[in-house]
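J.:
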Amino acid sequence: MTIPPFHLAFPVSDLDSSREFYGRLLGCSEGRSSETWIDFDLFGHQIVAHLKPTDESDAEEERHENPVDGHDVPVPHFGVVLPWDQWQALSGRLQAANMKFVIEPYIRFEGQVGEQATMFFLDPSGNALEFKAFRDPSQLFAK
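Set out below in structure tokens:
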């Protein structure tokens, strides 16, 4: 199954820390940019970090969480479903970089239909990301 790349634009409070996080830590190559935004290649998908400076008058946004498997899953969040080996490599790289995870890497539905690896973490601007991988990619939507 060939899926066209998605496009996602999201707010960040600082372009330099976003460039470091997405470019250097996650390994996303950088595309076009300006003084207010940066395109990144997130595993073949186009994400755009748009500068949204904060000031003292901005109200602190409260993140919503939903309980899933005994974890508090942050909503909203975004990410990519990776091949199993690529997920393992990213997980190892993030752990070696002492990433502070919202939900540590773990395996859901082990030995069952839809077995998957998942992890959640925040970017420097507080955007929640989830990266996952399916043991059998054909089970992405299996019940």
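At position 112 of the sequence shown the residue is numbered 112 (the numbering used here), and the sequence of numbers has no breaks.
Just so it is clear, CB atoms sit at the ideal spot from N, CA and C, and this is done for glycine as well.
Predicted model only: the values in this text are computed from it and were never measured.
Taking the alpha-carbon positions, what's the Ala97 to His64 distance?
T.: 27 Å
J.: When burial is assigned at 16 or more other CB atoms within 10 Å of the CB, is Gln95 buried or exposed?
T.: That one is exposed.
J.: Determine the burial state of Ser147: buried for a count of at least 16 other Cβ atoms within 10 Å of its Cβ, exposed for fewer.
T.: In the structure as shown, the chain starts at 1 and stops at 143, and residue 147 therefore has no counterpart that could be examined.
J.: Please name the residue in Asp85, Gln116, Phe109, Phe121 whose C-alpha comes closest to that of Met99.
T.: Phe121
J.: Spatial neighbours of Asp14 within its chain, please: C-beta separation below 6 Å, excluding the five flanking residues on both sides.
T.: Excluding positions up to five away in sequence, the list is empty.
J.: Give me the Cβ distance between Ala133 and Trp87, rounded to the nearest whole Å; I'm assuming they're in contact under 8 Å.
T.: 3 Å
J.: Would you mind working out which of Ser91, Ser125, Leu26 sits nearest Ala117, comparing C-alpha positions?
T.: Ser91
J.: Just the Cα atoms here: how many angstroms apart are Glu89 and Gly114?
T.: The question names Glu, but residue 89 is Ala in the sequence shown. Computed Cα separation, rounded: 20 Å.
J.: If we count the other Cβ atoms within 10 Å of its Cβ and call it buried at 16 or more, is Ala160 buried or exposed?
T.: Outside the displayed range of the chain (1 to 143) lies residue 160, so it cannot be described from this structure.
J.: Bridge partners for Asp39 per DSSP, in chain order?
T.: DSSP lists Val48 as partners of Asp39.
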